[in-house]
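Worksheet for the structure shown next.
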Amino acid sequence: MKKLAALAMSTLMCVTMFTACGTPANTVHSIKDLDGKTIGVQLGTTGDIYAKDVKDAKVERFNKGADAVQALKQGKVDAVIIDNEPAKVFVSKNDDIEILDEPFADEEYAIAMKLDNTQLQSDINAALKKLKEDGTLDAIKKNWIEDSNDKSAYTSPENADRSKGKLIMATNAEFPPYEKKDGDKIVGLDCDMMQAVCDELGYELQIDDMQFDSIISAVQSGKADVGVAGMTVTEDRKKNVLFSDSYTTAKQVIIVRKD
75 MKKLAALAMS
85 TLMCVTMFTA
95 CGTPANTVHS
105 IKDLDGKTIG
115 VQLGTTGDIY
125 AKDVKDAKVE
135 RFNKGADAVQ
145 ALKQGKVDAV
155 IIDNEPAKVF
165 VSKNDDIEIL
175 DEPFADEEYA
185 IAMKLDNTQL
195 QSDINAALKK
205 LKEDGTLDAI
215 KKNWIEDSND
225 KSAYTSPENA
235 DRSKGKLIMA
245 TNAEFPPYEK
255 KDGDKIVGLD
265 CDMMQAVCDE
275 LGYELQIDDM
285 QFDSIISAVQ
295 SGKADVGVAG
305 MTVTEDRKKN
315 VLFSDSYTTA
325 KQVIIVRKD
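My numbering numbers the first residue of the sequence shown as 75 and each following residue consecutively.
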């Protein structure tokens, strides 16, 4: 009987400490619970920047947000810090993870360009202003983000001006719904937004996919004209690139395993 009791107690402890699938039980229920934990982030993102400031935390960096989420599911990290919209996509496809109600941080996304390219900054800001005023930008956001039946994909006007040549957009196509791969195409909110900007300014849009932490370097070197990848405006980034006006607001959230 003593052996059976001991076995029962051992089993109870295992159930308490681990989920049914054998991964550690969730211990992160709020921001303060991140202290001392292992946090998964996508390399070079705002989540990466913020996670470094969490007390005694170990930060595990991944090239893709999906890889960070997979590490969470496998119990290799305790939580993932990432933008709310990609987080919703990941959670919708995985019933064993969830987003905490408490947001980690609020932020604004903007278009990055070379520090001395003030003319392009001025042109893009003017285009964004028009797209906001005529409702085009809101329609693009609704199509990619909002849960609504009233959606319509953005299409360029017929005979759109392309006289200024190509404008190269550097992005990382691992950040749905802002950018993702659809077959051999890269699509998403950022792609439609930049297509609309190019339609206003007379450019042909070319989208180049690369690692997120390579985007600013590509802009600085002139390999790309703009960097658009759900990129948050931060003081450190403003030392290296010029930013447009914000085109959308967002928030960083925490993904955890379900209890």
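By construction, the Cβ of each residue, glycine as well, lies at the ideal position given by its N, Cα and C atoms.
Between G276 and D235, the C-beta spacing is below 7 Å.
L263 carries a helical assignment under DSSP once its states are collapsed to helix, strand and coil.
For Q195, the uninterrupted alpha helix (DSSP H) run begins and ends at 192-207, by DSSP. Selection A99, I105, G96 evaluated against I328 yields I105 as nearest (Cα-Cα). Under the DSSP assignment, D310 falls outside any beta strand (DSSP E), being part of the alpha helix (DSSP H) whose first and last residues are 309-312. Spanning the alpha carbons of T323 and N158 requires a straight line of approximately 11 Å. Within its own chain, the residues whose Cβ lies closer than 6 Å to the Cβ of T210, once the five positions on either side in sequence are excluded, are A270, listed in chain order. Using a Cβ distance threshold of 7 Å, I214 and M267 count as a contacting pair. In the DSSP assignment, G121 falls within the unbroken alpha helix (DSSP H) covering 120-125. Assignment of L279 by DSSP, reduced to helix, strand and coil, places it in the strand class. Contact between I155 and V115 is confirmed by a C-beta separation of about 6 Å, below the 8 Å threshold. For V143 against N168, the beta-carbon gap comes to about 7 Å, under 8 Å, which counts as contact.
One thing to note: T245 has its Cβ no nearer than 7 Å to the Cβ of T120.
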